[in-house]
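Number of protein chains: 2
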Amino acid sequence: MVRIADQKKDFPQWYLDVIEQADLSDYSSVKGCIIFKPYGYAIWEAIQRDLDDRIKKLGVQNAYFPLFIPESIIAKEKDHIEGFAPECAVVTHGGGKELSEKLYIRPTSETIIYSTFAKWIHSHRDLPLKINQWANIVRWEMRTRPFLRTMEFLWQEGHTAHSSKEDADNMAESVLKMYSDFDKETLAIPVLTGKKPEHEKFAGALYTLCTEALAKDGKVIQAGTSHNLGQGFSEAYEVSYLDKDEKRQMPWMTSWGVSTRLIGTLIVVHGDEKGLRLPPRIAPIQVVIVPIFKTDEERKKVLEIANSLNDSLEGIRVNIDDREGKSPGYKFNEWEVKGVPVRIEIGPKDLENKQAIIVRRDNGEKDAVPLDSINTDSMSALLDLIQKSLFEQAESFLQSNTRTTKSYEEFKKIIDNEGGFVWMPWDGESVTAEKIQSETKASIRLIDDSSGETDPYSEKPAKHMALYAKAY
Amino acid sequence: MVRIADQKKDFPQWYLDVIEQADLSDYSSVKGCIIFKPYGYAIWEAIQRDLDDRIKKLGVQNAYFPLFIPESIIAKEKDHIEGFAPECAVVTHGGGKELSEKLYIRPTSETIIYSTFAKWIHSHRDLPLKINQWANIVRWEMRTRPFLRTMEFLWQEGHTAHSSKEDADNMAESVLKMYSDFDKETLAIPVLTGKKPEHEKFAGALYTLCTEALAKDGKVIQAGTSHNLGQGFSEAYEVSYLDKDEKRQMPWMTSWGVSTRLIGTLIVVHGDEKGLRLPPRIAPIQVVIVPIFKTDEERKKVLEIANSLNDSLEGIRVNIDDREGKSPGYKFNEWEVKGVPVRIEIGPKDLENKQAIIVRRDNGEKDAVPLDSINTDSMSALLDLIQKSLFEQAESFLQSNTRTTKSYEEFKKIIDNEGGFVWMPWDGESVTAEKIQSETKASIRLIDDSSGETDPYSEKPAKHMALYAKAY
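Top line first, the protein sequences correspond to chains Z and Y. The first sequence begins at 0 in numbering that gives the first Met the number 0 and counts up by one. The second sequence begins at 0 in numbering that gives the first Met the number 0 and counts up by one.
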């Protein structure tokens, strides 16, 4: 029987229970690394297919760079190595011998990719150069949580080079828009987007843009980042080109990525007391048909109808759950915890009435529907409705949990009680942000340029409105 | 200008030149690791898409297991660790500290996967369990060659568990058939299939099946392997289940894989003196349109027709090469070295005659074709023809280079002069095979059961007919 903790009382346990019961991942014998089980991996495959199309539409081509980064290469960009070295796994032995140079396992691939761009970029005609790779990444983590924070994870990382800051700005912005469109349209997740404060930007970047989603427990989760890297990596890796006037120039880089963390984001944004709720666009199974019967004769008749329903739902990902030895109730629970958007129940009585019961996972609504009205068109329309409904529920939750205050006392109360996002004027000093974080656990997720207020913590003039939240 | 070595005089240099000129891969700053450039990676993506569908049709589900294997896990299957330990890269430090247990980077994932199967398999109802993963692999190699032998490569590895030897036999055979169908239908590569001799089988397997292709230089290349692993891994990793009679049994495993080596195989099987020849099914660009013009007005007209041709070729992967500053001849050469199956040339004279010139990459044939007869149907038919023609050329080469002999003198002459495959009776002793290999460099690629002959080398009774060839 499916048993998951109460979402309202113990969200962290609820999260782990849902993952286990929905069969998304398993622990491995390597501390901090998870196994992506077939159902969890199928969600990632659906994410990949959709996002890969969007990435290619931005004129980006896929490629693949080595897993290993020699120490001499990774160490060239000082800010970068300082940020990442403590998180790296290091290979010291290979082929039975100690290596003369250590190999770092990529914690991200700016260094290996831009050192290669130096060979590929010579002329302004070589720009823009837009590359993406789907790859595994390793960052040493002590406190891990499946999907949300693991030592090894899967991601895509885009890396581009441009001839001007403006072009790089535009690229970073286009990617941010691509991510937020993808989050909205495919994952049914509303996100807030904007710029990270200096002290939260990517190691070695000029600035970092991000998408931030709100989990059901009021905590925020960073879903994607897009960096304008400026010319720092060009300088460190000696990437240069001759412009139209035959003058040597350094290109401007961007990098950006989203990871299997998105699976965790789906769970914490859409999940409810019964388990996962998957948006139809990325649900490995969109419709499950559960036949209900007692006798063998009933079984035969009901399965016949189930199969013909399946035939009339071409193009939709349908599963007929004809397992024996499991009760309908058991099956209902299982598909609910797995978040399948639509369940169709067919029993002997339904056959008499030439109908089926359709149950929506997003809101639990049950409807008796004539069998002959169930087809690809009607089901696609229902799936679109569910996709939209999940987004609207999440959007309404996000809006009602985004607040603005000019009082630090009120700020603390909101963070402590309701959680969610809080806009508050900020003096732009990292020390202020750090003090607020140590007092409340809320950090600045992104900043807005508009201001003219006073930072209620430091009582200095505010440089930005800052969006605070407790984060995953 | 495109310059590649003479294929007949210096095949190894020809191979490297084709890879460079076709822009398939680049060397990296990590010895033995290559960079998959966009055009080379696009071939891999096409291979993945096609093969992934075939794998799923066998009832196999994708999943993902950790990159790292703890030393205590990998060491449990003795034959396996003995075979692979000398090839492994080893992580000794992580998060700035020396690790208490070394982590091996997967050289293949039997050990980490079957140690997990122990948690997943309890009852006969859990069998068969069929898992596949697409992953990167590291094997320490000193003598590397792009795609054919690299330290890091990409592959798929299938891992299945069954309740009987017969079921595992059937799985291993089904996979072998899937691979040879894929080689034939998608890659247009004919392969010989069969069983490896004992001394060439996978470390820890009961037996190994394989597909072997023949390169243009008369050397053989192993394209895929499928192993029946017996119960050795079940024993080592304590995987067991209760059968229908509530008796504890050990499952039988299979594992199987193909890798980015297939890209190298495509090059050495189909390549000619002009470069790559890609089978249409996996060609990233199936049709390239090269507009020919002198004046701006001609350019405008010709491009207009090129664009409308592109519109009428929906569903086909078309590229219009409208680059300025490159001559048509330069473009012809470039697309030939890149192996694009069909080139369409359109110049002002063609416009007058309402025709285009269609050039086939597989045989160089040129045809003037009425513009209004070029559409998705006619082009699909031509691409099918080219796919078939490439297979037939390779098949005819394979057949005329597969010989049988009962004389060791003749054997040596064939291996030295013509190369290719040679069937010869074998006494079944690895020492005989080793002596023959040290004298001729030819190894046994696979064996056939039928015999009754005498091994001409040892003059002992033959246990098998053995297929010898010099291998990559």
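Heads up, the beta-carbon is just placed ideally off N, CA and C, and yes, glycines get one too.
Each residue's CA atom was taken as its position, placing LEU102/Y and LEU66/Y some 9 angstroms apart. Rounded to the nearest whole angstrom, the CA to CA distance from ILE319/Z to MET252/Z is 49 angstroms. In this structure, DSSP gives VAL174/Z a helical state, which the three-state scheme calls helix. Sequence-distant partners of LYS75/Y (beyond 5 residues in either direction) whose C-beta falls short of 8 angstroms from its own C-beta, in its chain, are THR110, SER114, ALA235 and TYR236. Against chain Z, the CB of SER28/Y has a partner CB under 8 angstroms away; the residue lies at that interface. Close to LYS36/Z, with beta-carbon spacing below 8 angstroms, are these residues of chain Y in chain order: ALA62. DSSP places HIS121/Z in no beta strand (DSSP E); its state is neither H nor E. Under the 10 Å beta carbon count, ASN416/Y is surrounded by fewer than 16 other beta carbons and is classified as exposed. In terms of beta-carbon proximity, ASP415/Y stays away from the interface with chain Z, with every pair separated by 8 angstroms or more.
In the three-state scheme derived from DSSP, where H, G and I count as helix and E and B as strand, PRO37/Y is classed as helix.
With respect to the C-alpha of LYS299/Z, the residue from LEU350/Z, LEU98/Z and PRO250/Z having the closest C-alpha is LEU350/Z. Counting C-beta atoms within 10 angstroms of its own C-beta, ASN374/Y has fewer than 16 neighbours from the protein chains shown and is therefore classed as exposed. GLN221/Z is classed as buried because its beta carbon has at least 16 other beta carbons within 10 Å across all chains shown. Exclusion of the five residues before and after GLU272/Y leaves GLN6 as the residues of its chain whose Cβ lies within less than 6 angstroms of its Cβ. With the criterion set as a beta carbon lying under 9 angstroms from some beta carbon of chain Z, the members of the stretch 149-170 of chain Y are MET150, GLU151 and LEU153, in sequence order. Between the stretch 38-53 of chain Z and the stretch 272-290 of chain Z, the count of Cβ pairs shorter than 8 angstroms is three or higher; the stretches touch. In this structure, the straight-line span from the alpha carbon of THR210/Y to that of PHE201/Y is close to 14 angstroms.
For TYR14/Y, the three-state secondary structure derived from DSSP is helix. At a cut-off of 8 angstroms between beta carbons, TRP139/Z contacts chain Y. Of LYS411/Z, THR91/Z and GLU458/Z, the smallest CA-CA separation from GLU428/Z is found for GLU458/Z. With a cutoff of 8 angstroms on beta-carbon distance, GLY229/Y and LEU445/Y are scored as not near each other. ASP366/Z counts as exposed, since fewer than 16 other beta carbons sit within 10 angstroms of its beta carbon.
Counting along the chain, the unbroken beta strand (DSSP E) around ASN227/Z starts and ends at 219-229. Within chain Z, no C-beta atom comes nearer than 7 angstroms to that of GLU197/Y; the closest sits roughly 25 angstroms away.
Membership of PRO69/Y in the beta strand (DSSP E) is indicated by the continuous run 67-69. Collapsing the DSSP output to three states places ASP9/Y in coil. The beta carbon of PHE67/Y falls within 8 angstroms of a beta carbon belonging to chain Z, placing the residue at that interface.
The continuous beta strand (DSSP E) containing SER258/Z extends over residues 251-258.
Rounded to whole angstroms, SER239/Z and GLU245/Z show a C-alpha spacing of 12 angstroms.
Per DSSP, the continuous alpha helix (DSSP H) segment holding LYS387/Y begins and ends at 375-399. From the beta-carbon of THR210/Y, no residue of chain Z is found nearer than 7 angstroms; the closest lies around 24 angstroms away.
Just measuring C-alpha positions, the residue of SER307/Y, HIS198/Y, PRO69/Y and VAL289/Y sitting nearest ASP78/Y is HIS198/Y. In the structure shown, VAL339/Z adopts coil according to DSSP, grouped into three states.
A residue is called buried once 16 or more other Cβ atoms fall within 10 Å of its Cβ, and SER258/Z is buried on that count. According to the DSSP secondary-structure assignment, THR294/Z is paired through a beta bridge with no residue. Near chain Z, meaning a CB-to-CB distance below 7 angstroms, no residue of the stretch 332-364 of chain Y qualifies.
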